[in-house]
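In our numbering, the protein residues as written are 62 to 462.
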């Protein structure tokens with residue numbers, strides 16, 4: 062068997078994130094090689110010819126949803142996978158998506174299952190997606206699971222769009238306010254300097270401060286952009302080491318309003334993924350492992366590791382979630398009810414919808430609080446600069462009179 066190429070993300074013994082690739086005959090051997098190098102693998106996937114080209118050509122969530130819906134329709138009509146992919150190639154407009162469909166078709170013709178073909182493109186198909194497709198193929202129920210998968214993607218897209226739409230206005234308002242203040246200080250305020258100089262009178266302290274601030278921004282304003290850029294880099298570098306990422310994510314969860322928003326968003330993603338996997342007949346331990354990867358917050362991810370260990374030891378999922386102390390009471394109580402009634406998958410999907418609603422409501426509350434605050438900031442900043450300079454002009458004219 063020829064060696065395959067795997068890309069990986071792993072932690073070293075110091076807790077630092079390491080990225081790279083290696084050759085191995087299987088994913089299991091790749092994991093063994095990494096452990097031999099004293100690395101703890103977090104993510105590992107096989108790369109295949111053509112995947113680098115697809116990575117450079119971004120495939121949007123809308124493209125993936127369209128592909129899934131089209132495949133769902135064709136599979137429900139009992140059309141074989143290879144023929145379905147050939148038909149999708151003919152109706153797909155996005156070039157990157159067409160290349161992906163052709164690559165999937167090539168792999169399927171070579172004897173690989175659809176799930177195996179998709180697994181080679183982790184930048185497009187998540188582990189949740191691949192596992193549901195694999196469960197459908199193995200159980201002969203792909204035509205039943207694909208509609209649920211399409212619905213999953215559609216719901217995720219709607220939630221994401223709702224969040225983006227809600228944040229557009231306050232973002233534009235903030236940018237407008239900051240730009241307006243900078244333009245006033247850099248281009249308008251200096252016009253008063255010559256007027257005061259010609260008048261030969263003392264400048265009020267407030268106006269002198271504005272003139273000094275204007276001179277500083279004209280000379281060193283670029284430092285603000287540099288400082289902002291460096292701050293963003295430093296913030297992103299916190300994710301490079303597990304310990305710093307853990308502290309950062311714990312801080313984010315502790316923030317008023319933002320913390321509960323992050324928690325609700327993560328719970329929605331976790332519940333929907335786990336519910337979809339369990340509904341597809343995937344064993345709980347395996348489903349938990351896959352679902353943990355959709356959780357971006359390190360604090361919650363570590364808690365889910367403990368949940369997985371407790372469940373493996375025989376504890377109920379609801380009790381294990383409650384034991385961590387990190388998840389909302391609503392989640393573990395609903396899960397416990399689902400376990401008692403044998404409807405855990407359905408309960409998880411319903412709870413995901415509940416958390417989605419919470420996210421939208423929290424975003425609405427956040428925007429409702431931000432909008433007046435930003436308007437007041439803009440009024441105080443612009444009005445303060447204008448009144449300060451005009452008051453200085455009026456006082457100068459009064460002295461002359």
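C-beta atoms are modelled at their ideal positions from N, C-alpha and C, and glycine is treated no differently. Predicted, not measured: the structure shown is a model, and the values here were computed from it.
Taking the C-alpha atoms as reference points, what is the distance between residue i and residue j?
| i | j | result |
| --- | --- | --- |
| residue 323 | residue 451 | 45 Å |
| residue 125 | residue 441 | 46 Å |
| residue 388 | residue 363 | 12 Å |
| residue 176 | residue 191 | 5 Å |
| residue 419 | residue 327 | 12 Å |
| residue 445 | residue 438 | 10 Å |
| residue 199 | residue 174 | 10 Å |
| residue 313 | residue 186 | 28 Å |
| residue 79 | residue 246 | 46 Å |
| residue 303 | residue 75 | 9 Å |
| residue 280 | residue 432 | 32 Å |
| residue 291 | residue 434 | 27 Å |
| residue 366 | residue 357 | 13 Å |
| residue 271 | residue 231 | 27 Å |
| residue 159 | residue 142 | 16 Å |
| residue 207 | residue 133 | 5 Å |
| residue 153 | residue 139 | 20 Å |
| residue 89 | residue 162 | 27 Å |
Can you check DSSP and say which residues form a bridge with residue i?
| i | result |
| --- | --- |
| residue 84 | 66 |
| residue 72 | 78, 101 |
| residue 107 | 67 |
| residue 177 | None; residue 177 has no bridge partner. |
| residue 302 | 77 |
Here's the rule I'm using: 16 or more other beta-carbon atoms within 10 Å means buried, otherwise exposed. How should residue i be labelled?
| i | result |
| --- | --- |
| residue 331 | buried |
| residue 195 | buried |
| residue 405 | buried |
| residue 351 | buried |
| residue 129 | buried |
| residue 113 | Confidence at residue 113 is low in this model, with a pLDDT of 48, below 50, so its placement is unreliable and no value can be given for it. |
| residue 273 | exposed |
| residue 468 | With the chain running from 62 to 462 in the structure shown, residue 468 is simply not present. |
| residue 122 | exposed |
| residue 222 | exposed |
| residue 183 | buried |
| residue 137 | exposed |
| residue 396 | buried |
| residue 463 | Past the boundaries of the shown model lies residue 463; the chain is included only from 62 to 462, so the question cannot be answered. |
| residue 401 | exposed |
| residue 390 | exposed |
| residue 115 | Bear in mind that a pLDDT of 47 at residue 115, under 50, signals an unreliable position, so the number given afterwards is only what the model happens to contain. With 16 or more other Cβ atoms within 10 Å, it is buried. |
| residue 249 | exposed |
| residue 282 | exposed |
| residue 168 | buried |
Along the chain, where does the alpha helix (DSSP H) that runs through residue i open and close?
| i | result |
| --- | --- |
| residue 394 | 390-402 |
| residue 173 | Here residue 173 belongs to no alpha helix (DSSP H), and DSSP marks it neither H nor E. |
| residue 465 | Nothing about residue 465 can be reported from this structure: the residues present for the chain run from 62 to 462 only. |
| residue 186 | Unbroken run through residue 186: none, as it is neither H nor E. |
| residue 271 | 266-281 |
| residue 138 | Looking at the DSSP string, residue 138 is not in any alpha helix (DSSP H), and its letter there is neither H nor E. |
| residue 222 | 203-244 |
| residue 383 | 378-385 |
| residue 154 | Careful: residue 154 lies outside any alpha helix (DSSP H) and carries neither H nor E. |
| residue 319 | 319-340 |
Kindly indicate which residue of the options has the alpha-carbon position closest to the one of residue i.
| i | options | result |
| --- | --- | --- |
| residue 317 | 249, 439, 426 | 426 |
| residue 253 | 268, 304, 137, 150 | 268 |
| residue 193 | 340, 357, 390 | 340 |
| residue 105 | 181, 276, 242, 290 | 181 |
| residue 311 | 280, 360, 287 | 360 |
| residue 286 | 264, 248, 263, 240 | 240 |
| residue 368 | 218, 386, 95 | 386 |
| residue 220 | 432, 421, 448 | 421 |
| residue 213 | 449, 411, 428 | 411 |
| residue 82 | 259, 70, 93 | 70 |
| residue 378 | 293, 335, 145 | 335 |
| residue 188 | 209, 348, 66, 266 | 348 |
| residue 430 | 228, 295, 380 | 228 |
| residue 329 | 308, 244, 297, 417 | 417 |
| residue 66 | 237, 86, 248, 298 | 86 |
| residue 211 | 456, 131, 90, 263 | 131 |
| residue 428 | 209, 201, 319, 307 | 319 |
| residue 436 | 235, 372, 365 | 235 |
| residue 170 | 371, 154, 145 | 145 |
| residue 217 | 355, 399, 453 | 355 |
| residue 338 | 393, 284, 409 | 409 |
| residue 403 | 345, 276, 296 | 345 |
| residue 343 | 202, 448, 265 | 202 |
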